[in-house]
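In the working numbering, the protein residues as written are 463 to 545.
Have a look at the structure below, then the notes.
Structure, rendered in structure tokens:
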């Protein structure tokens, strides 16, 4: 499945594909949301989950490895690589 084909699906269909074929690779939180980053066949999908209301607020899909991945990349520690 390509990113374009994924974006043509409705949110429920996207979630089904993501749960069946996606691989969760990172997560992060802010004051009210948890963000789960999945890799799916050459692109990424971020699931935005609102903690207090216990609902998925949205899915954001993208192929770029620049700006959208930055919030996850800054949490990776490289300290152990020097050992």
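Yeah, the Cβ is synthetic: ideal placement off N, Cα and C, and Gly gets one too.
Can you check the segment 468-530 for any beta strand (DSSP E) of at least 3 residues that lies completely inside it and give the ranges in chain order? 485-491, 495-502, 505-512 and 517-524
For residue 505, tell me which candidate among 524, 493 and 469 has the shortest Cα-Cα distance. Numbered from its first residue, the chain shown carries residue 505 at position 43. Ranking the options by Cα distance to residue 505, first place goes to 524.
Are the Cβ atoms of residue 463 and residue 493 separated by less than 7 Å? Numbered from 1 along the chain shown, position 1 holds the residue referred to as residue 463. Numbered from 1 along the chain shown, position 31 holds the residue referred to as residue 493. The answer is no: Cβ separation not under 7 Å.
Run the CB neighbour count on residue 509, radius 10 Å, all protein chains shown included, and call it buried at 16 or more, exposed below. Locating residue 509 in the chain shown gives position 47, counting from the first residue. Counting Cβ neighbours within 10 Å, residue 509 comes out buried, since at least 16 surround it.
Cα-Cα separation between residue 483 and residue 476, rounded to whole angstroms: Position 21 of the chain shown, counting from 1, holds the residue named residue 483. Position 14 of the chain shown, counting from 1, holds the residue named residue 476. Taking the straight line from one Cα to the other gives about 10 Å.
Check the C-beta distance from residue 480 over to residue 500 and give it rounded, since I have them as a contact under 8 Å. In the chain shown, residue 480 corresponds to position 18, counting from 1. In the chain shown, residue 500 corresponds to position 38, counting from 1. Right, their Cβ atoms sit about 6 Å apart.
Cα-Cα separation between residue 520 and residue 534, rounded to whole angstroms: Taking the chain shown and counting its residues from 1, one reaches residue 520 at position 58. Taking the chain shown and counting its residues from 1, one reaches residue 534 at position 72. Roughly 18 Å separates the two Cα atoms.
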